[in-house]
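Written below as structure tokens is the structure these notes are about.
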Amino acid sequence: MREINLMPQTNFLVRAAKQGDVIALNQLVKQWQKRIYNFAYKYFGDYDMAMDVTQKTFISMSKNLGGLKDESSFKPWLYRIASNYCHEEVRRQSKRWVLPFMKVSSKDDQKDISNTSSNHRSEDPEKVLGNEELKYLLKKALATLPEEQRMVVIMKEYEGLKIREIAEAMDISENTVKSRLYYALGSLKKLLDQWNITKETVHYEI
Amino acid sequence: MKYKPTQEELISYLYDELSAEEMEKVDGYLKEHPEAKQELEELQETRMLMGDFEDEEMLEPMAFMNPTKNEEWLYWRKYVAIAATLLLIITFGTLSGFKVVNTDQGMQIGFGEATLGLTEEQVADLIYQDRVNLLDYVNNTLEARNDSIDYKFNTLQASLTNEDLVRQTFENEKAAFLQEITLLTDKLGDDYKGILREIVVNFSNNIETQRIEDLRNIQAAFDAFENATVNRQLDVEDALFTLSEKVKTIAASLSNRN
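Residue numbers (numbering that gives the first Met the number 0), protein chains in the order written: chain B, 0 to 205; chain F, 0 to 257.
In structure tokens, the structure reads:
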């Protein structure tokens with residue numbers, strides 16, 4: 000979508016970086032760090048974890064770029080690294096049994112959200128949701144999705160990967176990608192309806 | 000058979016990832032099936048709403064790797080290091096006059112001017128000479144020792160045969176010894192008597208005091224016993240008195256009642 004043609008010179012940079020050009024490598028990091036960071040941030044909803052994954056991803060990228068055969072598949076390749084680190088992070092957190100705490104707190108958060116949103120409705124049903132508020136709710140909505148669906152949605156909706164590229168990055172079939180997207184969108188729609196977030200309540204400024 | 004797009008095809012349609020031909024097919028189907036169209040539109044709206052989750056700015060962008068400007072130098076550094084080491088070795092070798100010479104007798108390594116060593120015969124001569132010297136020295140020393148021992152032995156024998164001298168020495172020694180013994184016995188005799196007397200006196204004194212002490216103790220025990228007996232008697236008398244009082248009272252009360 001938005002990011003498809005953002006980096007037209009990526010192939011060129013990748014080729015140069017593969018041959019050991021440090022400036023090209025730096026340029027690649029500069030171009031892609033915001034994307035990878037946001038990808039991880041949407042996945043975790045947590046600044047530190049996202050930063051951690053971003054750093055690991057680029058360290059791994061600079062180490063393993065030489066092994067990338069086809070420059071044009073750099074994007075799915077990069078996201079594959081990032082998503083692997085995301086999974087690893089989740090595994091590590093669950094081993095550290097921090098996750099149960101986070102789950103508890105997120106349940107409370109959920110309650111807060113429903114409370115606040117319902118309060119809003121009773122006060123002023125027509126009230127337009129604030130930007131920050133909306134962002135917060137959307138983050139929560141994403142967090143409710145199962146991991147594999149969340150990953151696919153983020154890659155598709157925010158990172159603009161083609162379905163084929165997602166399949167490549169996640170090492171699954173294109174049909175699996177599509178059905179995950181389908182179910183994820185369905186769940187999100189239900190949730191947004193439930194929280195009364197529609198195009199009427201979201202104010203679009205031109 | 001009527002065409003019905005699969006879930007997967009609908010998703011591809013939603014994301015605009017179908018070929019033109021397939022797109023047309025789905026379009027046609029959607030025109031005939033408004034409920035399917037409705038569903039897709041709703042999903043589209045969800046996508047649009049979710050799209051409002053905008054990117055975050057990174058609080059601290061990643062550190063970049065510094066481009067190494069003198070990569071040429073880095074590449075050659077290894078060889079330069081080797082060359083420098085060789086130069087260093089050569090310089091020091093020259094300064095210290097290190098030399099390696101190859102002759103018929105083998106390789107010679109040394110600092111400064113290399114001098115030829117001794118031949119085998121020369122070395123053998125040297126060793127032989129040394130041996131002869133050593134043997135002479137040992138012989139001479141041994142003879143000298145022999146002579147001196149003989150002389151000393153003779154002297155000793157001469158002094159032994161002189162009987163008077165021996166006897167006199169013996170007598171002297173004997174006298175000194177006897178005197179010492181006498182002194183020792185005198186001293187011992189005096190001391191011993193004094194100590195013994197003191198011990199006997201002390202012993203008798205101790206016995207005396209012990210006896211007096213014991214007698215006192217016995218006396219005190221007897222006193223205590225006497226006191227106790229008297230007290231006991233008084234108690235018994237008191238008790239008898241009280242008993243008789245009580246008996247009287249009871250007898251009185253009994254007679255009253257009667």
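Heads up, the beta-carbon is just placed ideally off N, CA and C, and yes, glycines get one too. These numbers were taken from a predicted model, which means no experiment stands behind them.
The beta carbon of B/L187 falls within 7 Å of a beta carbon belonging to chain F, placing the residue at that interface. Contact check for B/M48 against B/E88 passes: the beta carbons are separated by less than 7 Å.
With respect to the 7 Å criterion, B/A142 and B/G44 are classified as neighbours on the basis of their beta carbons. In the structure shown, F/T102 adopts extended strand secondary structure according to DSSP, grouped into three states. For F/G27, the enclosing alpha helix (DSSP H) stretches over residues 19-31. B/Y40 is not a Cβ neighbour of F/E8, given a cutoff of 7 Å. Its chain contains E167 as the residues whose beta carbon lies nearer than 7 Å to that of B/S72, once the 5 sequence neighbours on both sides are disregarded; these appear in chain order. Contacts with chain F at 7 Å (Cβ-Cβ) include B/Y181. The secondary-structure analysis by DSSP pairs F/G109 across a beta bridge with F/K98. Contact note: F/Q6 reaches chain B through K177, S178, Y181, using a C-beta cutoff of 8 Å and chain order. The Cβ of B/Q32 sits closer than 7 Å to at least one Cβ of chain F. DSSP, read as helix, strand or coil, puts F/M49 in helix. F/R76 does not reach chain B, its nearest Cβ partner there being about 17 Å away, counting only Cβ pairs nearer than 8 Å.
Under the three-state reduction of DSSP, F/G92 is assigned to helix. For chain F, none of the residues of the stretch 63-82 of chain B brings a beta carbon within less than 7 Å of one of its beta carbons. The Cβ atoms of B/L144 and B/A183 sit closer than 7 Å to each other. Looking only at F/G105, F/G109, F/L187, the smallest Cα-Cα distance to F/S95 is reached by F/G109.
Per DSSP, F/I206 is one residue of the alpha helix (DSSP H) stretching across 162-256. In this structure B/I162 is not in contact with B/F38, their Cβ atoms being roughly 17 Å apart against a cut-off of 8 Å.
Per DSSP, reduced to three states, the secondary structure at F/D146 is helical. In the displayed model, F/E44 falls within a helix according to three-state DSSP. The straight-line gap separating the alpha-carbon atoms of F/R196 and F/D189 is approximately 11 Å.
The shortest CA-to-CA distance from F/L58 to any of B/L136, B/Y46, B/Y135 is the one to B/Y46. Using a Cβ distance threshold of 7 Å, B/K198 and F/E38 do not count as a contacting pair.
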